[in-house]
Amino acid sequence: MAAPVDNVALQALLGPDRLAASDLASERCWSYAALDRDVAACAAVLRGHGIGVGDRVAALARNGVLLIILHHACARIGAAYVPLNWRLAAAELAWLIDDAGPALLIHDDGMDRGV
């Protein structure tokens, strides 16, 4: 079985200055080199919280590049990324979180909603 490919790191090598992502809400843009650095920093933070291979990291947030960074950081360290739909009711979210059993729940400000 072939090892997984870290596409962000690969693109950072092939075209570091090319546009990788643009966040419309904040008007911030990332080159592949910048995206790779942010993914590495996020992966380091996750490891610092004890997240490792096979752990689940749930995210309750509106769509944006930061979620892409989190997703790739999880993949880079072998953790599973569990996206949660912020439009769901608290009871639905609670059921999903209980079922997924994440080691860490990350959320936007004001989105904890007692879950």
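First residue of the sequence shown? That's 1477 in this note's numbering, and the numbers climb one at a time after it.
We treat Cβ as the ideally placed atom computed from N, Cα and C, and that holds for glycine.
Task: DSSP state of Ala1555 mapped onto helix, strand, coil - done: On the sequence shown, residue 1555 is found 79 positions in, with the first residue counted as 1. Three-state DSSP puts Ala1555 in coil, outside helix and strand.
TODO: Have a look at the DSSP bridge pairing and note the partners of Arg1504.
DONE: In the sequence shown, residue 1504 corresponds to position 28, counting from 1. Under DSSP, Arg1504 forms a beta bridge with Asp1499.
Open item on the list: Taking the alpha carbon of Leu1536 as the reference point, which residue from Ala1519, Asp1514, Asn1561 and His1525 has its own alpha carbon closest?
Closed with: The residue given as residue 1536 occupies position 60 in the sequence shown. When C-alpha distances from Leu1536 are compared across Ala1519, Asp1514, Asn1561 and His1525, the shortest belongs to Asn1561.
Open item on the list: Rounded to whole angstroms, what is the Cα-Cα separation between Ala1567 and Gly1528?
Closed with: Position 91 of the sequence shown, counted from the first residue, corresponds to residue 1567. Position 52 of the sequence shown, counted from the first residue, corresponds to residue 1528. One C-alpha to the other measures close to 28 Å.
Task: Bounding residues of the beta strand (DSSP E) (the contiguous stretch that carries Ala1535) - done: Numbered from 1 along the sequence shown, position 59 holds the residue referred to as residue 1535. Residues Arg1532 to Leu1536.
Task: Spatial distance of Ala1519 from Val1484 (CA atoms) - done: In the sequence shown, residue 1519 corresponds to position 43, counting from 1. In the sequence shown, residue 1484 corresponds to position 8, counting from 1. Straight across, the Cα-Cα distance linking Ala1519 with Val1484 is about 13 Å.
Task: Burial state of His1525 (16 or more Cβ within 10 Å) - done: The count along the sequence shown starts at 1 and reaches residue 1525 at position 49. Counting other Cβ atoms within 10 Å of its Cβ, His1525 stays below 16 and is therefore classed as exposed.
Open item on the list: Considering only DSSP beta bridges, list what His1547 is partnered with.
Closed with: Working through the sequence shown from its first residue, we reach residue 1547 at position 71. Note: His1547 sits in no beta bridge, so no partner.
Open item on the list: Considering only the alpha carbon of each residue, which of Leu1569, Asp1493, Ala1565 and Asp1514 lies closest to Pro1547?
Closed with: Here residue 1547 refers to the residue found at position 71 when the sequence shown is read from its first residue. Inspection of the sequence shows that residue 1547 is occupied by His rather than by Pro. The residue with the shortest Cα to Cα distance from His1547 is Asp1514.
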